[in-house]
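Q: What follows is a single structure, and I will ask about it in a moment.
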Amino acid sequence: MSLLDTVDVPSRRIMAASGRAEVVLVVEDEPFIAMDIDEVLRAAGLTVELRSSRSDALKWLENRSPATAVLDLHLRDGDGLAIAAVLQSRGVPVIFCSGGDPSDLPKDFKTAAWVRKPFVYGELVTEVRRAIETCEFQQQIEQRA
2 MSLLDTVDVP SRRIMAASGR AEVVLVVEDE PFIAMDIDEV LRAAGLTVEL RSSRSDALKW
62 LENRSPATAV LDLHLRDGDG LAIAAVLQSR GVPVIFCSGG DPSDLPKDFK TAAWVRKPFV
122 YGELVTEVRR AIETCEFQQQ IEQRA
């Protein structure tokens, strides 16, 4: 049985109102975990932008914004909080995927979703989809106001 066979979610692309596939930024410095996350999200029909360091992710964010992000809290070149702060300022939902504890997060990030490593594949996909759909719903409400 392959990793893809264990993902119990419909294979559909998350599309923005504009019709383009939404990008999920994944920042993970452990290669095998990064490959797992990438494979699981792609199997679920999501478009993934994979970065392996805080500095690389921040550079990517200079000119782009994802629909949501899956961040490791503890990266080799610093914590993921600087990335989360940039995303939060843009209204992009953040999902921390870490072996640590949610109580490790500063108060400013207590509303971020948390998926504990080792993660259940379906749980990660569900959290990513929930984040994208919630953000899109909030944008629709703001446009109507």
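Each residue of the sequence shown is one higher than the one before, counting from 2 in the numbering used here.
The beta carbon of each residue, even a glycine, is placed where N, CA and C say it ideally should be.
Keep in mind it's a predicted model, so treat the numbers as computed, not measured.
1) Figure out for me which residue from V49, G92, L72 and F97 has the closest Cα to the Cα of F138.
2) If we count the other Cβ atoms within 10 Å of its Cβ and call it buried at 16 or more, is F120 buried or exposed?
3) Throw me the rounded Cβ distance for the V25 and A68 pair, which I believe falls under 8 Å.
4) Do you know offhand how far L74's Cα is from P107's?
5) Please list, in chain order, all residues of the same chain as S53 whose beta carbon is under 8 Å from its beta carbon, the five residues on each side excluded.
6) From which residue to which residue does the alpha helix (DSSP H) around L88 run?
7) On the premise that L42 lies in contact with V129, defined as a C-beta separation below 8 Å, what is that separation, rounded to the nearest angstrom?
8) Can you pull the DSSP bridge partners for R117?
9) Would you kindly work out how many angstroms separate the C-alpha atoms of E143 and P103, rounded to a whole number?
10) Taking the runs of the alpha helix (DSSP H) that are 4 residues or longer, which of them lie wholly in the segment 25-85?
11) Would you say V87 and L47 are within 8 Å of each other, going by their C-beta atoms?
12) Any heavy atom of the ligand HEM closer than 7 Å to the Cβ of V49?
A: Once the coordinates are examined:
1) On the sequence shown, residue 138 is found 137 positions in, with the first residue counted as 1. The shortest Cα separation from F138 among V49, G92, L72 and F97 belongs to G92.
2) As a first step, residue 120 is located in the sequence shown; it is residue number 119 there, counting from the start. Buried, by the Cβ-count rule.
3) Counted from its first residue, the sequence shown places residue 25 at position 24. Counted from its first residue, the sequence shown places residue 68 at position 67. Confirmed, Cβ separation roughly 6 Å.
4) Residue numbering aside, residue 74 sits at position 73 when the sequence shown is read from its first letter. Residue numbering aside, residue 107 sits at position 106 when the sequence shown is read from its first letter. Each residue's Cα considered, the two are about 11 Å apart.
5) If you number the sequence shown from 1, residue 53 lands on position 52. Around S53: V28, E29, D30, P32 and A35.
6) By one-based count along the sequence shown, residue 88 stands at place 87. Unbroken alpha helix (DSSP H) run through L88: L82 to S90.
7) The residue labelled residue 129 in the question sits at position 128 within the sequence shown. The residue labelled residue 42 in the question sits at position 41 within the sequence shown. Contact holds; Cβ gap of about 6 Å.
8) The residue given as residue 117 occupies position 116 in the sequence shown. Paired residues: S99.
9) Here residue 143 corresponds to residue number 142 of the sequence shown, with the count starting at 1. Here residue 103 corresponds to residue number 102 of the sequence shown, with the count starting at 1. Approximately 30 Å between the Cα atoms of the pair.
10) Those alpha helix (DSSP H) runs which fall completely within the segment 25-85 and span 4+ residues are 32-44 and 55-62.
11) Here residue 87 corresponds to residue number 86 of the sequence shown, with the count starting at 1. Here residue 47 corresponds to residue number 46 of the sequence shown, with the count starting at 1. It is not a contact, given that the beta carbons lie outside the stated cut-off.
12) Although the ligand HEM was asked about, the structure shown includes no ligands whatsoever.
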